[in-house]
Each structure stands twice: as C-alpha cells, then as structure tokens.
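Read left to right, the sequence shown gives residues -19 to -1, 1 to 503 (mature numbering (1 follows the signal peptide of the UniProt record, and there is no 0)).
Ideal placement from N, C-alpha and C gives every residue a C-beta, glycine not left out.
Quick notes on the structure that follows.
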Amino acid sequence: MKILKLFIFILLISKNFYALSIGANEQQAILECEWTSDKKTLINAWYINEPYQYLMATSNGHTTVSGMDIELINAIAAKIGINIEYNQDSWYQDQLDIQSGNANMTAGATYTTERSNYAYFSKPYRLEELSLFIIEPLAKKLNFQNINELKAQIRLFNLQLGIVKGTVYGDHKFTDFLYNEQNQDIIRIYQNNMELINGLIKKEIDGFISDRIVGAINILGRTMDRNILEVPLNIKTPLHLMFSKKNVSLNIVEQFNFAIDDFIASNEYKKIIKTYMYHILLPKSIDSRWCHVICLLGCLAFAFAGIILSSRKNSTLFGTFLFAVLPSVSSCIMLDLIVNHDTGHLNFYFTPSYFYYIFIVVLLGFTIIKLFSYYNKQIAEDHYLEQSLNNIIAICDSFGQATFIIIGVVMVIIHKIEPLSFWGPFCAFITANCGVILRDLIMKENAIKMVQRGVSIEITVLWGIAFSVLLDMYGSNPNYHTIKYSMIIVISGAFITSLLVYHFGFLEWRFRNESPNLEKPT
C-alpha cells in the first residue's frame, strides 16, 4: 500500500513538472510573437539567381522581378491572401535583413541551426542539387565516391574554386571546409553569381560550386576560351521559405505550410517547375556533344536521300546541294516563323558547321555517282540497284525525320508554348515532315513515287505525342538524364517504327485503296 501511494505521488509530481515545461515553452513562443500581428503584406528579400529569381524586361520598357521561386511564392501566398513585395540585395545581405527584421521572408534557404536562432522555416517547397562546374582538364582528374574524397582531391590538386558568400552548400561538413580559413588560398568568395562567372571568365578560378540549374544557365550561351564540364556532387538539399522571427508570427508560417502542402500536389506547381526547369535542361541537352552528333547524322541522312533523288532527276551540283539541305533547313525556318511570329524576326540557329559537312557529303556523293554512271552506262536499268537505292532513301528519311521530332517538341518548351500536348506533336510534324514534303513537291518526278512513304507522317506525329507525354510525366521533377533517355527512346522508336512500316509495305491511309491494275468501267 505504501508503495502504491509513493507511485501515485511520483506521478503527480511528474505531471506538474510537465505542465510547467509546456507552459514555459508556450510562454516563450508568446514572448517571441506577442507583438507581431498577422500581416497582409510581406517584404520578400531576393537576389539575382537565374532562373529562380531575376529581373525581366516588360513590353512597356520597365523591369519586373520574375523567376521560378517568384512564381511559386506568389502562388502560395495567393492561397492564403497575402501580398508579396520584393526588395533586391545580395544573398548575404538578405540573411542580415531577415535577422534584423528589415525583411519579412526570403526563398531558397537551407535550414541550419544558426539560422534557426533568428528565423522560422517553412516546409520544403523544392530540392536543390549541387554540381561542380570546372575546366575540362581538371574535371578529368577528379574521381570521388563521397564528399570526404572530394574534399581530399580539392586540396590535393589545389583546385581554385569560387563560392557565393553566405551560401550553404548542402552537407555542413562540406560547407565548413569551403569557408575554412586554412583553405582560403584555393577558395575565392564572391558576392553573387555574376561576380562568380566573371571570375571564371577572367581565369581567377578554375571552377565553381553551384545549384546545377543555376550553373548550367550561367554557362550556356557564354563565350569562353575554356571548355567547362559539370561534375555532379550528388548532394540534394531541401529548400525552405525563411521568415524573420522579429516581425512574422508562427500563425503566418503555419498558413504557408498548409498552402505549400496543398500547392505541391497541384498541377499549377508541376506546370511552373516544368516551364523553368525544361527551359534550362532542354537547351543543355541539345547543346551536349551526343545530341550534336545525332542532329548532324539526321541532317546528313536527309542529305544522302537528297543526293540519290537528285541523281534520278539529273540535277546540277547546286541543285543537288539544294535538295540535300532543303529538308533540314526549311523545316527549321518554318518552325521559326511559327514560334517567333510575334517578334517580327527570325531566330534561326542552324549550326554553320552542318552546312560544311553537308556540302562535303554532296560533293563526294555527286562525284562518286557521276564516276559510277560513266563506267556503268546501264545503271538506270539495274533494277536491283534501283531497289537498293530506294531502301537507302527510306532509311535516311526515316532517321532524319526521327531526329527532327525532338527539335520540334523542344522548341515548344523553350518558347513556353502551351498546351504541350497539342503544340508538341504539331511542331514535331512541322520539323520532321515539312522539309521532306517541300523537297518532294519541287521534284515532281517519278523518282519520288518509286519510294513508298506509307504512314511515315502519322508515325512522326504519334512519336511527337509520346515525347510530349514523357516530358509532361516527369515535369514535376525533371532532370538531365530523364530528358536524355526520353530523347533516345523517341528517336529509336520513331526510326524503327518507320522501317517496320516500310518493310511490311503499309500503305497511306486513304478513303479508298485503288489498285492500278483495275480497268476503268466502259
């Protein structure tokens, strides 16, 4: 009995202590926010960090803040009826403004214990993936499996790297390594990304560490005398909205958390992510070496088909070059006229080196066929050779059309034309077929009729739909490898499907399949 009374006494004491601790925590929370009311307008501190945050020129000549993070913040804030105003500065200064209360919130923040002393953090709203962008000779020296090995190799090779002041680089040990005074002989700290890139151009540094999307957009389109390669670090960090404890209540933070949960599951979130991520990742994929090779092979395939058809038409050297280059160039120009109709000017970026390769192929093909015809006078009557050439034309056109499907869909996403499910296949049809149709119309000879086209046009449209669907499926979490494999699947699938259709002799879809052997009724 005494033991039972003692046990009850201990429970009562424990309960009182627990109640006191809860009360103390609640009192602390009240003290932190007792003078802050729920604001209807929040000042968001931001810095140039394209494509997440940047200034964009409007049609009336003014500038406005835009970017993926900006659109996400506006959409989330709109759900809880809060207006957002924007104040631009450096990332380091933004953090000081949050600490002092000069700003209410900022986006793209990594959680740290130090920051939690002066700021609240929302739930994560997106992920950041870090990469090392470095000159090619040094990139080939690196071979690491984890962060510890990377740190050792940075120090071993004395890599001159740049970082942005105040940025947390995922793993806290790696961040401490970058800011360690003992490594300041190889680590240069810049105020923003623009200074970072200028340091790379001026050869102050050999490379820099950055969000892989930010790094890619800073490298793309810049003229450098050194080739820069991306080395993925396999560091993924959740990013949060960060709120000042000085002037934002916990109630506001909780409202943002509920809105984030609701918004991440919506199609609007997926659309915003897809628009900005694909706008960077697709040009990067197109600009990659393997994609250049495939596009070049597609152009050369069209050129081979044009050479064979020109030999049947007995064209001149200039005419042969025209028919060789027409399918690829005219398709791109037609697409450019469609997507840039509102600008009043062409934005045609057909790589000049492609013309050189095509001209060399035309010159060699023209010479070889001319010599072959000279030594074989009966070449035009060789039915086996004729059928072989038909097969080559079908193979070349099929491969050329398969590669140009990709260009059409990519241009739709780069120019942010919606909906992708319609305009993707439509532009795939334009780039894959219009040049071939134009070439065939100009020839107007039996040389074209000898090659059965079947349902090749329909095939390009179907695979254009497939590519658009694949990109839309991965729109909420796109990455370079997904895009690369999707491109390979679509090119291979369209090419193989066209060859199968040609091999089994599927005819065009017509209202009536007329047989040439049927006699007309008298």
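- If you draw a straight line from the Cα of I395 to the Cα of Q34, it is about 18 Å long.
- Three or more Cβ pairs drawn from the stretch 236 to 256 and the stretch 52 to 62 lie within less than 8 Å of each other, which places the two stretches in contact.
- When the beta-carbon positions are compared, I472 and I387 come within less than 9 Å of each other.
- In this structure, G89 and D50 form a Cβ contact; the two beta carbons are roughly 6 Å apart against a cut-off of 8 Å.
- Apart from sequence neighbours up to five positions away, the residues of its chain that approach Q172 with a beta-carbon distance below 8 Å are S71, Y73, V145, K146, ordered along the chain.
- Under a 10 Å Cβ-count criterion, K183 is classified as exposed, with fewer than 16 other Cβ atoms of the shown protein chains found around its own Cβ.
- Cβ-Cβ distances below 6 Å link T39 to T45 in the same chain, with the five nearest sequence neighbours on each side left out; the list follows chain order.
- Per DSSP, the beta bridge partners of S191 are S112.
- Contact between A284 and I339 holds, with the beta-carbon distance rounding to 5 Å and staying under 8 Å.
- One thing to note: G405 has its Cβ no nearer than 9 Å to the Cβ of F385.
- When DSSP states are grouped into helix, strand and coil, R107 belongs to the strand group.
- The DSSP-derived three-state label of I144 is strand.
- Note that the stretch 183 to 203 touches the stretch 108 to 116; at least 3 beta-carbon pairs, one per stretch, sit closer than 8 Å.
- From the listed residues S479, G42, M468, the smallest Cα separation to C272 is found for M468.
- S71 sits in coil when the DSSP states are folded into three classes, being neither helix nor strand.
- Ranked by Cα distance from L307, the options Y250, H260, F347, D378 are led by D378.
- Note on S247: under 16 other CB atoms within 10 angstroms of its CB, so exposed under the neighbour-count rule.
- Contact between the stretch 89 to 103 and the stretch 213 to 220 is present: 3 or more CB-CB pairs across the two stretches fall below 8 Å.
- Burial is judged here by how many other beta carbons sit within 10 angstroms of a residue's own beta carbon; D421 has at least 16 and is buried.
- The beta carbons of Y67 and I24 sit closer together than 9 Å.
- Following the DSSP letters along the chain, one finds E399 in no alpha helix (DSSP H), marked with neither H nor E.
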